[in-house]
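Down below is the structure, laid out as structure tokens.
Residue numbers (our numbering): 23 to 267.
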């Protein structure tokens, strides 16, 4: 046991001080080393009887928003960074610069532009190169949504869904996953037919006529939600007819 050779409190303090010094460095590789030391510290605790400190992975919240938490702190993120992180999260095995360029910029994308953005992103979090991939544990709400749907946990999937994946993004990888997830969620809820689940998703996909129609027909007229569902359905029918006129 490592406990026989190390004193956890002193060892932890030493690692924390060293990590802090490294992460203040202007050298990117030294900053990355600071993060890797934190992961190394978890390994020592796992081999001792001391409880390990709570993990602080990267958390991506991109459904209906564009937020990232790094070590439980809000990480300021531009849309392009969010698109790159989406691509990297979808490909944990790693991507070449050319692959990322195609995923994020499309066929006309310039790999040099992609590389520049990756360098800026790597200044702020551990991302390896050749291939490019995230080097720290991460969670992504859009990946969790996909897993919930695959497991048939429709109610939990709707509770997680806060809106479309990066709604302002036109990156090919984002558009593809966004449309696939939305349609998969819609179909799962329509097949499920649970009125509360229908109501919740219709409220988030406010312009979906099929969802509002299904919700309306599933609600009893004495349900206080029925007039709201009726109003939404009627409005969408009017818009649909006006568009065809």
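By construction, the Cβ of each residue, glycine as well, lies at the ideal position given by its N, Cα and C atoms.
Item to complete: Pick out whichever of 145, 206, 157 has its Cα sitting closest to the Cα of residue 171.
Response: Walking along the chain shown from the start, residue 171 turns up at place 149. Comparing alpha-carbon positions, the option among 145, 206, 157 lying closest to residue 171 turns out to be 206.
Worksheet entry | Check whether residue 124 and residue 116 have beta carbons under 8 Å apart | In the chain shown, counting from the first residue as 1, residue 124 sits at position 102. In the chain shown, counting from the first residue as 1, residue 116 sits at position 94. No, the Cβ-Cβ distance between residue 124 and residue 116 is not below 8 Å.
Discussion item. Quick check: what's the CA-CA separation for residue 85 versus residue 159?
Written reply: In the chain shown, residue 85 corresponds to position 63, counting from 1. In the chain shown, residue 159 corresponds to position 137, counting from 1. Answer to the nearest angstrom: the Cα atoms are 19 Å apart.
Worksheet item: Taking the DSSP output, what are the residues bridged to residue 83?
Response: The residue you call residue 83 lines up with position 61 of the chain shown. Paired residues: 89.
Worksheet entry | Pick from 102, 225, 93, 233 that is closest to residue 141, judged by C-alpha positions | For this step, residue 141 is matched to residue 119 along the chain shown. Of the candidates 102, 225, 93, 233, the one whose C-alpha sits nearest the C-alpha of residue 141 is 102.
Fill in: Residue burial classification, residue 118 (beta-carbon count within 10 angstroms, cutoff 16)
For the purposes of this step, residue 118 is taken as the residue at position 96 of the chain shown. Under the 10 Å beta carbon count, residue 118 is surrounded by fewer than 16 other beta carbons and is classified as exposed.
Worksheet item: Whole alpha helix (DSSP H) runs in the segment 180-240 with 4 or more residues, listed along the chain?
Response: Note on the segment 180-240: whole alpha helix (DSSP H) runs with a minimum of 4 residues are 194-214, 217-226, 231-240, in chain order.
Discussion item. In chain order, what are the residue ranges of uninterrupted beta strand (DSSP E) at least 3 long that sit wholly in the segment 107-193?
Written reply: You should have 160-162.
Worksheet entry | Proximity winner among 173, 120, 108, relative to residue 134 (alpha-carbon distances) | Along the chain shown, read from residue 1 onward, the residue named residue 134 stands at position 112. Residue 120 is the option with its Cα nearest to residue 134.
Discussion item. What does DSSP give as the partner residue(s) for residue 96 in the beta ladder?
Written reply: As a first step, residue 96 must be located in the chain shown, where it is residue number 74. In the DSSP secondary-structure assignment, residue 96 is bridged to 91.
Worksheet item: residue 91 and residue 105: beta carbons closer than 8 Å?
Response: In the chain shown, counting from the first residue as 1, residue 91 sits at position 69. In the chain shown, counting from the first residue as 1, residue 105 sits at position 83. For residue 91 and residue 105, no; Cβs fall outside 8 Å.
Item to complete: Please confirm whether residue 110 and residue 156 have their CB atoms less than 8 Å apart.
Response: Stepping through the chain shown from its first residue, residue 110 is reached at position 88. Stepping through the chain shown from its first residue, residue 156 is reached at position 134. Against a cut-off of 8 Å, the Cβ pair of residue 156 and residue 110 comes out as a contact.
Item to complete: Label residue 164 either buried or exposed according to how many other C-beta atoms from any shown protein chain fall within 10 Å of its C-beta, with 16 as the threshold for buried.
Response: In the chain shown, counting from the first residue as 1, residue 164 sits at position 142. A residue is called buried once 16 or more other Cβ atoms fall within 10 Å of its Cβ, and residue 164 is buried on that count.
Worksheet item: At which residues does the alpha helix (DSSP H) containing residue 249 begin and terminate?
Response: Looking up residue 249 in the chain shown gives position 227. Unbroken alpha helix (DSSP H) run through residue 249: 248-266.
Worksheet item: Can you find a heavy atom of the ligand ADP that lies under 7 Å from the Cβ of residue 87?
Response: Among the components modelled here there is no ligand, and therefore nothing to report on the ligand ADP.
Worksheet item: According to the Cβ coordinates, are residue 177 and residue 219 closer than 8 Å?
Response: Walking along the chain shown from the start, residue 177 turns up at place 155. Walking along the chain shown from the start, residue 219 turns up at place 197. Result yes, Cβ atoms of residue 177 and residue 219 sit closer than 8 Å.
Item to complete: Note down, in chain order, each residue of its chain lying with its Cβ closer than 8 Å to the Cβ of residue 199, except the 5 sequence neighbours on either side.
Response: The sequence position of residue 199 within the chain shown is 177, counting from 1. If we look at residue 199 and ignore the five residues flanking it on each side, its Cβ neighbours are 108, 112, 164, 187.
Discussion item. Within 10 Å of its beta-carbon, does residue 265 have 16 or more other beta-carbons around it, so buried, or fewer, so exposed?
Written reply: As a first step, residue 265 must be located in the chain shown, where it is residue number 243. By the 10 Å Cβ count, residue 265 comes out exposed.
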